[in-house]
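**Student:** One structure, pasted below without further comment.
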Amino acid sequence: MHAFSRHSRSPGADISHMRSAAQGHTSASKLFLMYAAATLVPVLAVGVLLAISYRQHVERGGVAEARSQAALLSDDVIRPVLGREPLNGSVPAAVDSLLDAAFARATADQRLARMRLRDATGLVIWSDDGSGLGTSGGDDEVDEALEGDAVGKLTRLNVDAGDTGPAGPRVVEVYYPIKSQPDDEKPIGVLEMYVPYAPIEADVASGLRRTYLVLGVGLAFLWLVLALISASTTKRLRRQSDRLAYLAHYDDASGLLNRVGFADKVAHRLAITPEQPPAVALVNVSRFRDVNDALGRDSGDEILFQLGRRLVAAAGDNAIVGRMGGDEFGIACFAHNCGDIEGWATRLQAAASEPIEAAGVPVLVEVAVGFHRAEPNQSVDTVLTRADVALVHAKSTVDRRARYSPSFERSDASSLALLARLRDSLGNGGLELHYQPKTSLRDGGVESVEALVRWRLDDTLLSPGVFLPLAEQTALVHPLTDWVAREALRQLASWGEAAAGVGMAINVSARNVSDPAFADRLLRIVADSAVDPRLLTVEITETALLADPDAARKSLSGIHEAGMSISIDDFGQGQTSLAYLASLPVDELKIDRAFVAQVCDDSTQDAIVRSVIQLGHSLGLRVVAEGIEDERTLDRLIDLEADVGQGFYIARPMRPDRFADWREDHDRARLRVVG
Ligand code: C2E
Ligand code: CA
Ligand code: CA
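To convert, count from 1 in the sequence shown and add 222; that's the working numbering.
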């Protein structure tokens, strides 16, 4: 999908990639040289072997030629004048002159260097120069020839056993048995001939030169082909190994470093500048699964890709950005260019929170950020683990952003200890309420605000999801809800004019409404506050109602009779029977945000929301849609005629001191639209 961008890299990624490419280059040319050298050895060996075997072949040819000369002389010239009797001691006169003439002819042509005739015992009976006359050789060759086998070999003159004088030029010597009949075993004599090797050698030399030339050209060509093949192979190998190196360190989809690459790079920087520890942040997309389910995988990929780019841009120069896997990114900032780390993390979060366009739709993703300023000489593992601990913590905070603190490691050590701290906080002003407006979907006016509790612990605000379940397991939930009610009403009164006509909603737990004393306590709190009870709405989740239906009905009736409204929160999650619902003193249904979020993308959810609205209206209830995160959803719910809306698109939960300004802005914008 991102073919155009596959190999785009984060700014920090370039240097090391170039370095590894250069390393790839040198190692590839080294590889090529090795390959070339390695192929040269067998090619040269083949050349040498071919040359040797050619020389041997030519020499064998020379010997064979000398032998056939001897055969010719013996069979066609000498034998016809000999009788059948073996030669013995002397040479017949006819033969003598014949040999003289033949030798004279042959030497004239330089075809013969020496010739001898031996009798049937091996005794030399004729010799062209008289050498060896009367000796009987004793050479193996002579014996072999006497056995009837012709012998030929390359040697030098005068090196045989019976010869005297200095060794002469190279010759081919032949001992040729002269047989009176071709089938005879024993010869009647032996013709001994020495053929000069020089002409043969000249032949050999010129043949060899030609052969060497052809061989050389052929082998050079062969080697060239091999070298070319090896060059292209090494090139391909290099490309492959580059690709593997890339994949080992980069994430293909985002073009960013992957977890391994990120950790490597951070470790590398840590090693070269240990005195300059980085700030490391882990950014995790909340509910990314939902985005994928709603928009499809391609859009999900596109969103992650865009997110990566944004983080690169927001991270600052020289920062290292990686995709740690799934929907999580890692960012490391060295030196001082990330400024104060809180601000840096906030900028990263803000950059990720701008709407991203995927498949033509602007999508708002929410990210959690855990960050940590490494300490000198901390290992990359420790740094990443701490950022991770901070991330886990961030997910339970209201801002969804947390800086690592050692207390995070302890905070889950024991829920009992945490409960004790919660109890302390309740008495010491450690809890806070934030307020999220609900506005009319008819005219946009502010209907009410919902009080949402937070716990300030070690400089972070914990969201109710983290500590409420704990409180709800114990009686601590009673003083907690009492405090929320008291504080919310006090706040409403203290806003004064700024909250004119605005109601207050508080949330209560299953355990509260099962407590028979709860309603009375709440009534007293309201009475003490002097706020009109009709301004107060009590939200209770559908599932909480089902925990103890009878007790719940009693509590809610008491509250309702005192003039307060009852709202069924997260409606649609449980399976309340209509009959039961109708039997309760309910004033409002709050459609669970899981349905609302999908209303534009999923026709089933749309149908559910539509029928809940109709159902609510037919029971005479006000219907609130919570979790409105974008304009499309808001428009759709207006179309479906929900009465009231609430959600991040309208306003996020806010600190009480911001309410007056927000309302003023909101009303001004609203009147501009209406007017
Ligand atoms: P809730 O009653 O459904 O409260 C609304 C929650 O949805 C709030 O989370 C709010 O921040 C969040 N929210 C509001 N608009 C949007 C939106 O557009 N998109 C998304 N994704 N979320 C939105 P918070 O403050 O974390 O509260 C969580 C739950 O804790 C509340 O759910 C409520 O059930 C409970 N709670 C909060 N305060 C109290 C309290 O004082 N007492 C009791 N018993 N429960 C409380
Ligand atoms: Ca609520
Ligand atoms: Ca709700």
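Using N, Cα and C, we set each Cβ at its ideal position, and we do this for glycine too.
Given the structure is predicted, the values throughout are model-derived calculations rather than measurements.
Starting from the C-beta of Y419, find all residues in its chain whose C-beta is less than 8 angstroms away, skip the five residues before and the five after it, and write them out in chain order.
**Tutor:** G284, L376, P391, R392, V393 and V394
**Student:** For D772, is the classification buried or exposed, using 16 other Cβ atoms within 10 angstroms of its Cβ as the cut-off for buried?
**Tutor:** exposed
**Student:** Three or more C-beta pairs under 8 angstroms: does that hold for the region 850-870 against the region 882-889?
**Tutor:** Below 8 angstroms, too few C-beta pairs join the region 850-870 and the region 882-889 to call them touching: fewer than three.
**Student:** Alpha carbon to alpha carbon, how far is T607 from T765? Give it in angstroms, no decimals.
**Tutor:** 37 angstroms
**Student:** Please find out if some non-hydrogen atom of ligand 2 comes closer than 7 angstroms to the beta-carbon of D791.
**Tutor:** yes
**Student:** Can F870 be considered in contact with ligand 1, in the sense that its beta carbon sits closer than 7 angstroms to one or more heavy atoms?
**Tutor:** yes
**Student:** Comparing C-alpha positions only, which one of L586, G548, G544 and P499 sits nearest to D523?
**Tutor:** G548
**Student:** With C-beta atoms as the reference, is L533 less than 8 angstroms away from L504?
**Tutor:** In this structure, L504 does not lie closer than 8 angstroms to L533 by Cβ.
**Student:** Can you tell which of L295, S716, E369 and V447 has the C-alpha that lies nearest to the C-alpha of Q320?
**Tutor:** It is worth fixing the name first, because residue 320 is Leu in this sequence and not Gln. Cα-wise, what sits closest to L320 is L295.
**Student:** Would you list, in sequence order, the uninterrupted alpha helix (DSSP H) runs of no fewer than 4 residues that lie entirely inside the region 693-730?
**Tutor:** 699-717
**Student:** Quick one: which unbroken beta strand (DSSP E) runs of 3-plus residues sit fully inside the region 796-853? Chain order, please.
**Tutor:** 810-813 and 844-847
**Student:** Near A273, what residues of its chain come up, given a Cβ to Cβ distance below 8 angstroms and the 5 sequence neighbours on each side ignored?
**Tutor:** L430, T433, Y434 and L437
**Student:** Contact defined as beta carbons within less than 8 angstroms: I believe R545 pairs with G530. What is the distance between those atoms, to the nearest angstrom?
**Tutor:** 6 angstroms
**Student:** Classify Y657 as buried or exposed, calling it buried when 16 or more other Cβ atoms lie within 10 Å of its own Cβ.
**Tutor:** By the Cβ neighbour-count rule, Y657 is buried, with 16 or more other Cβ atoms within 10 Å of its own.
**Student:** Can you find a heavy atom of ligand 2 that lies under 7 angstroms from the Cβ of N729?
**Tutor:** yes
**Student:** Helix, strand or coil, according to DSSP, for Y398 in the structure here?
**Tutor:** strand
**Student:** With DSSP as the reference, please indicate the residues paired to C555 in a beta bridge.
**Tutor:** Paired residues: A501.
**Student:** What three-state label does DSSP hand N540 in the structure shown?
**Tutor:** coil
**Student:** Taking a contact to mean a Cβ-Cβ separation below 8 angstroms, would you say M726 touches S789 in this structure?
**Tutor:** Contact flag unset, no.
**Student:** Taking I578 as part of the beta strand (DSSP E), name the residues at either end of that continuous run.
**Tutor:** I578 to A580
**Student:** What does the alpha-carbon distance come out to for the pair G305 and K401?
**Tutor:** 10 angstroms
**Student:** Tell me where the beta strand (DSSP E) around Y657 begins and ends.
**Tutor:** L653 to S662
**Student:** Between which two residues does the alpha helix (DSSP H) containing Y871 stretch?
**Tutor:** No alpha helix (DSSP H) holds Y871; DSSP gives it neither H nor E.
**Student:** Quick check: does the Cβ of A493 come within less than 7 angstroms of any heavy atom belonging to ligand 5?
**Tutor:** What this structure holds is ligand 1, ligand 2 and ligand 3, not ligand 5.
**Student:** With respect to 7 angstroms, is the separation between the Cβ of T906 and the closest non-hydrogen atom of ligand 1 below this value?
**Tutor:** With the chain represented from 223 up to 897, any question about residue 906 goes unanswered, as that position is not in the structure.
**Student:** Figure out for me which residue from P701, M415 and G718 has the closest Cα to the Cα of R743.
**Tutor:** P701
**Student:** Let's see if you can read the secondary structure: which residues bound the alpha helix (DSSP H) around T455?
**Tutor:** Per DSSP, the continuous alpha helix (DSSP H) segment holding T455 begins and ends at A420 to H471.
**Student:** S799: beta carbon under 7 angstroms from a heavy atom of ligand 1?
**Tutor:** no
**Student:** Excluding five sequence neighbours on each side, which residues of the same chain lie with their C-beta closer than 7 angstroms to the C-beta of E525?
**Tutor:** Reading off the sequence, residue 525 comes out as Ile, not Glu. Excluding sequence neighbours, I525 sits near V513, I578, A580, V585 and V587.
**Student:** Would you please state the rounded distance, in angstroms, between the beta carbons of L339 and G411? I believe it to be under 8 angstroms.
**Tutor:** 6 angstroms
**Student:** Return the chain-ordered list of same chain residues with a C-beta closer than 6 angstroms to the C-beta of L478, the five sequence neighbours on each side being excluded.
**Tutor:** Scanning its chain for C-beta atoms nearer than 6 angstroms, with the 5 sequence neighbours on each side dropped, one finds around L478 the residues S232, G530, V543, G544 and R545, in chain order.
**Student:** Within a Cβ cutoff of 8 angstroms, which residues of the same chain sit near V482, ignoring the five residues on either side of it in sequence?
**Tutor:** A470 and H471
**Student:** I'd like to check one pair, A572 with I553: are the Cβ atoms closer than 8 angstroms?
**Tutor:** no
**Student:** By how many angstroms is the C-alpha of L758 removed from the C-alpha of E655?
**Tutor:** A small correction: the amino acid at residue 655 is Leu; Glu does not occupy that position in the sequence shown. Rounded to whole angstroms, L655 to L758 spans 15 angstroms at the Cα level.
**Student:** Which residues in the same chain have their Cβ closer than 8 angstroms to the Cβ of L684, if we skip the five residues on either side of it in sequence?
**Tutor:** S618, T619, V620, R676, W677 and R678
**Student:** Just verifying my parser: in three-state terms, what is the DSSP assignment at V482?
**Tutor:** helix
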